[in-house]
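I have placed the structure first, in the form of structure tokens, so that the comments after it can refer back to it.
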Amino acid sequence: MNKKQAGIILALLALIVCAGVMATKVNGNIDELAIGNLDTGKNTLSLGKEKKEKEVAESDYFYESRTIRDQRTSETVQTLKTLMSEKDISKEEKDSISKKHTDLALNQDNENRIEIALKGKGFEDVLCLIEGDKARIIVKTKEELTEKQRKQIQEVVMSVSKIKNVEIDTKQ
């Protein structure tokens, strides 16, 4: 390899590094770019970060709770499928596992349908947890729920899942 080829390779390598740095700056998190003015020690970009963090923390509760619920359901379904595939279990046990699997899938579907229906009724965010013959509804609201809203939630739960025992909580 001669000097000309080495120079071309080094120039191309430098261009690749520059392209990577530029892509990181363009696609990276904007908070990382707001380093601030080094001369004055003040930020050159104000993002209202304190307010954003509070809003994210509030909405994260519902997101994280849904994620945890869905992960647990997936793990349980996988465990049930593993048990069903075993050869040394009796027909009664297989029927019992199959019923649990069906109930779990039905509960998951009902939870999703209740959440969608309540969001459609004007609630900002809703989390539904069905455990046996009890439904727990967590509603995102800044104010206390009115009796009309509570009745509306119970009617939706009853119509979708036929569960009468409904516990309603609020979360800001």
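Heads up, the sequence shown is in numbering that gives the first Met the number 0, so the first residue is 0 and it goes up one at a time.
Here a beta-carbon is modelled for each residue, glycine too, at the ideal position from N, C-alpha and C.
It should be emphasised that the depicted structure is a prediction, and the values quoted were computed from it without experimental measurement.
Taking the DSSP output, what are the residues bridged to Asp124?
Looking at the DSSP output, Asp124 sits in a beta bridge with Lys139.
Which of the three DSSP states is assigned to Thr78 in this structure?
It is helical.
Length of the line joining the Cα atoms of Thr194 and Asn111
Given that the chain is displayed from residue 0 to residue 171, the structure contains no residue 194 and the question cannot be resolved.
Distance, Cα to Cα, Leu82 vs Ile96?
Spanning the two alpha carbons is a distance of roughly 8 Å.
Continuous beta strand (DSSP E) assignments of at least 3 residues falling wholly in the region 87 to 118
Note on the region 87 to 118: there is no whole beta strand (DSSP E) run with a minimum of 3 residues.
Environment of Leu105 [buried if 16+ CB atoms lie within 10 Å]:
When all chains shown are included, Leu105 counts as exposed.
Pairing CB atoms from the region 137 to 152 with CB atoms from the region 83 to 93, are three or more of them under 8 Å?
No, the region 137 to 152 is not in contact with the region 83 to 93.
DSSP has Asp168 in a bridge; who is on the other side?
BP columns for Asp168 point to Ile137.
Cβ-Cβ distance between Leu126 and Ser64 below 7 Å
Note that the C-beta distance between Leu126 and Ser64 is below 7 Å.
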